[in-house]
């Protein structure tokens, strides 16, 4: 479980219970935080992903699994709780960050929840994700909600600042109350096969995070091959990543199902080897409710139901929520919905 | 009712049903009872009928007519009546019809998909996403072949009325595979669907007629195996195309032996799925899902034998078991299931029976923890480990969701295990090493090999088997040509009763040889050999050596005047056994020899034959009494023919098929292997060369039986072979009585094809005997002008000398 809010320091290895849960809400078993392990270069180099095979699986999976009616509504509500509502624009100000935080507290119109009999469910966003300068404002806006603030620190989105600068940014974000750090890796290390350097980079950030959980952004759109993506995933997990994440949202290609398949299979392999559960966050390009359902099915099929909880799965998205809300309204009313009827994030 | 809040907690899947109202309305419109579709309309649904059921529920869907011999006759008559006009259409006009059929399938795609799912029990996901789109694809593709027919296949025409019998596992798709090329070629069709799954064929015929297909061009006669038997045996049928079990394939081969009907068979399989240690194991696990749990494993090319390198065997099996736990079995109209129902309780019981036998023979069964639905006809995905090669489940086609697993140690052992089966339909190879994957693919005895993929199909790539998985291809150029016949054969009337003088002579010779032992001792009078020459005894030629006949008998060879001109060994079954063993030993090396090197050998043969032209001409004259000019001409043509195949040896290329993947399907022209060549009676040298040269050029090893009456040209020829660098065992010559020798070869399980030219009786016996291992036959009894290039050489011969292996190679990193 990712910490519900900044500053409530708990033991690193045992998570607190899901705050605000009802009898109906599945409370996941407490999560042991990934302690990391020594880099196993032989294991890294043995990793191979066949792109055509991965694409076939990714193409047929959405055709094999679909949910309808109240199942769809429930799955979409779950998706809402897994969203890292994100704003990462150059023109962000405290005002639009506060608006996003308000939406995170109440992501679905209460009348819709009531109509679905879901008013008692803890429907709130998984986190709010901002640049470092807005961490404090977001923490302030979310105080008492149990919603963590994630900061994209480490010279997002390129990551190409001096290590000392990146670590200083992490330290500052944690100090401002960020409960989660979304770091970006140096993509060139992957392209050059410098696995030890990549391991060291991630491990250094992880050490600087302290209690804050670390999501490692691989920048998959710039890693060239699924095999590179899988190897980078593995190295990041060995270096102590709590989550592995696809993209900054700034690359030309962001989260895709084949990329996700390559990454979640590494999460599975890491679990089989070390017993540790690492989270997954696809980010960028997920804009529709249908896509969100496909990702949930992917997690359920490849990793199991345990990964359908916010401590192990997040969507990095900004436009997704509105489409999900529209689909929920359609479920409630039977009429196709309009975006302007939903409070904008 | 399950509430949103509950589901929010469980995150379970719910029902996702596809509607069936339209499909049921179609059934109701026909009163849930169907006649046959003959000559553009349904016949009355008569008393002779049976029920077709919904496997998922056991409920009756409709009554289907049981076709009688009279029904079949009426349908064949309708097809025959429609044939001239259909064949007379231009390729372009037929292309318009096929295009219209493709569009028709697309317009009614969901109706087809739902009817198929109801009738067969397979999931709507598969019928919707795979079967029906491929059906449309086949008609579009073959609209193209119709359009290109005149330009691409000059000198060829439609074979005629075609009788087609298809199975229940892909009812509509198999219809498309059969009907599309037939109609494109200009054939008319009588098709019998499987009795479990007749509905989509009837729906297709009805909608095809509505789309403007002329009456009688496509006729559907429903019924069980008796109806199918009546169809394939009907004398009005010029070609039989069958997809189904190897057992029934044998019955058909036997039943129509000597009928002059062309035959293609797409039969069973026990296809291997090879996983090497450097494979993407997670990707390969999904490959297994597509291989054996696609269509509930009721797939002729199902990857049912999983061969895994020992170093990753346990890890792979663990991954596979985990994956099996997440498979979902359920109603075929549920859009979120992986597996639907088994087609019929009979089939389910057969699966269960084989599983029980497999366990009794020591294999370890594993099934996922979840249960299949209580009602309906289901079988869970099943994995066997600890399976030895002798176990019945490792050998027999189960045709269900049952996978057997065996470890292997080396690439060589993987090939040995993969080929350790009488079947040879498909194979799947998983490795990230291109060198390894492309080394293994050609070594597998399979008509289709998928690299890092499985069960990919497309109309542009041929599909069909090696060995007892049948012969002929469906899809691609290689499939389309199966519905064509050379026009010259049509002109002379390719039929059992056409007997010309030359053939009649051959027949009577055959009758003589069968009736009485050959002359062992030369008649006293009229000895044609001049004076006391050094004795020159023709022996058999086996494994590159002259061999005395096992029996220790010789037969006297007479000239046209009845004078003895020599003796040859009286070959018997043991000599053939030895010859086949020698050929088997030589075949792999010769197949691996480059086309260039094979060409060198053939040129060398021509060179050495040419140097002895006068001697060979003299021998021809002595045997046949031919005029000097004709004999010289025959030798010259034999030299030219050797040149022709030397030329072809490095040019009979395969193809790169344009299939809809990022990658290619490579259509290799592989040698068949060991081929028996029972050479024509006339043209003692040219006939022999006409059979042996194309086979050798294509990389086969040959056991040749020369002309029974005039064998001395062939026995002289082994000296030419000896001096021309032909590797030992590539050409073996056994002289003697043609038809008895041909029968032994046709029965031999290690002979992979047989070419025969001779009597109708002999050809019939060859075709009948070939049913044993379902070897390919090319048995002709109608006269062939060996002097004529159109009839005596060329692509038709090369096509018979190779089998097409399609290797699908997706790429992308």
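Chains as they are written, first to last, in our numbering: chain W, 372 to 716; chain S, 26 to 838.
Positions of the beta carbon are idealized from the N, C-alpha and C atoms, including for glycine.
Check: So with CB distances below 9 Å, who are the chain W contacts of residue 249 (chain S)?; Outcome: Ordered by position in chain W, no residue passes the 9 Å Cβ test against residue 249 (chain S), which lies about 34 Å from the chain.
Check: Using the Cβ count rule (16 or more neighbours within 10 Å means buried), how would you classify residue 426 (chain W)?; Outcome: buried
Check: Give the range of the alpha helix (DSSP H) segment to which residue 645 (chain W) is assigned.; Outcome: 628-645
Check: Strictly under 8 Å for the Cβ-Cβ distance: is residue 28 (chain S) near chain W by that measure?; Outcome: yes
Check: Output, in chain order, the set of chain W residues within a Cβ distance shorter than 7 Å of residue 32 (chain S).; Outcome: 441, 442, 445
Check: Under 7 Å, CB to CB, which of the residues in the stretch 450-481 of chain S have a partner in chain W?; Outcome: 457, 477, 478
Check: Under 8 Å between C-beta atoms, does residue 591 (chain W) make it to chain S?; Outcome: no
Check: Since residue 457 (chain S) and residue 304 (chain S) are thought to touch, with beta carbons under 8 Å apart, how far apart are those beta carbons, to the nearest angstrom?; Outcome: 6 Å
Check: Go to residue 53 (chain S), then tell me how far its alpha helix (DSSP H) extends in each direction, as first and last residue.; Outcome: 46-54
Check: Where does residue 567 (chain W) land, buried or exposed, given buried means 16+ other C-beta within 10 angstroms?; Outcome: exposed
Check: Here's the rule I'm using: 16 or more other beta-carbon atoms within 10 Å means buried, otherwise exposed. How should residue 707 (chain W) be labelled?; Outcome: exposed
Check: Candidates S:383, S:677, S:463: which alpha carbon is nearest residue 624 (chain S)'s?; Outcome: S:677
Check: Which ranges does the alpha helix (DSSP H) cover as unbroken runs of at least 4 residues, wholly within the stretch 428-462 of chain S, from first to last along the chain?; Outcome: 436-443
Check: Determine which residues of the stretch 331-363 of chain S have a Cβ less than 7 Å from any Cβ of chain W, and write them out in chain order.; Outcome: 351, 360, 361, 363
Check: Quick check: is any heavy atom of the ligand NAD less than 7 Å from the C-beta of residue 711 (chain S)?; Outcome: Absence of the ligand NAD is noted for the structure shown, with no ligands found whatsoever.
Check: Identify each residue in the stretch 621-636 of chain W for which the Cβ-Cβ distance to at least one residue of chain S is less than 7 Å, and report them in chain order.; Outcome: 636
Check: Quick check: the Cα distance between residue 695 (chain S) and residue 453 (chain S), rounded to an integer number of angstroms?; Outcome: 18 Å
Check: By DSSP, does residue 167 (chain S) sit in helix, in strand, or in coil?; Outcome: helix
Check: So, for residue 401 (chain S): in the same chain, excluding its five sequence neighbours on each side, which residues have a beta-carbon less than 6 Å away from its beta-carbon?; Outcome: 81, 82, 366
Check: Can you confirm whether residue 529 (chain S), when its beta carbon is compared against all beta carbons of chain W, has any partner nearer than 8 Å?; Outcome: Only weak support is given to the placement of residue 529 (chain S): the predicted model assigns it a pLDDT of 44, under 50, and the value that follows is read from those uncertain coordinates. No, its Cβ sits nowhere closer than 8 Å to a Cβ of chain W.
Check: So what's residue 355 (chain S) in DSSP terms, helix, strand or just coil?; Outcome: coil
Check: Output needed for residue 350 (chain S): all residues of its chain with C-beta closer than 8 Å, excluding positions within five of it in sequence on either side, in chain order.; Outcome: 393, 394, 395
Check: Quick one: list the residues of chain W neighbouring residue 393 (chain S), beta-carbon separation under 8 Å, in chain order.; Outcome: Simply none; closest approach about 14 Å.
Check: Where does residue 800 (chain S) sit, in a helix, a strand or coil, going by DSSP?; Outcome: coil
Check: Only counting the same chain, and skipping five residues up and downstream in sequence, which positions put a Cβ closer than 7 Å to that of residue 438 (chain W)?; Outcome: 446, 664
Check: Is it buried or exposed for residue 619 (chain S), if we count other Cβ within 10 angstroms and need 16 for buried?; Outcome: exposed
Check: How close, in whole Å, do the beta carbons of residue 601 (chain W) and residue 407 (chain W) come, if the pair is a contact with beta carbons under 8 Å?; Outcome: In fact, because the Cβ distance is near 18 Å, the residues do not count as touching under 8 Å.
Check: Taking only three categories from DSSP, how would you classify residue 670 (chain S)?; Outcome: helix
Check: For a cutoff of 8 Å on Cβ pairs, would you count residue 487 (chain W) as touching chain S?; Outcome: yes
Check: Does residue 154 (chain S) get closer than 8 Å to chain W when you measure Cβ to Cβ?; Outcome: yes
Check: Using the rule of at least 16 other Cβ atoms within 10 Å of the residue's Cβ for burial, across every protein chain shown, is residue 603 (chain S) buried or exposed?; Outcome: buried
Check: Of all Cβ atoms in chain S, is any one closer than 8 Å to the Cβ of residue 405 (chain W)?; Outcome: no
Check: Taking residue 431 (chain W) as part of the alpha helix (DSSP H), name the residues at either end of that continuous run.; Outcome: 422-435
Check: On the DSSP letters alone, give me the boundaries of the beta strand (DSSP E) that residue 847 (chain S) sits inside.; Outcome: Residue numbering for chain S in the displayed model covers 26 to 838; residue 847 (chain S) lies beyond these limits and cannot be assessed.
Check: Kindly list, in the order they appear in chain W, the residues whose Cβ is closer than 9 Å to that of residue 294 (chain S).; Outcome: Here the premise fails: no neighbours, minimum Cβ distance about 22 Å.
Check: Give the straight-line distance between the Cα atoms of residue 405 (chain S) and residue 606 (chain W), rounded to the nearest whole angstrom.; Outcome: 38 Å
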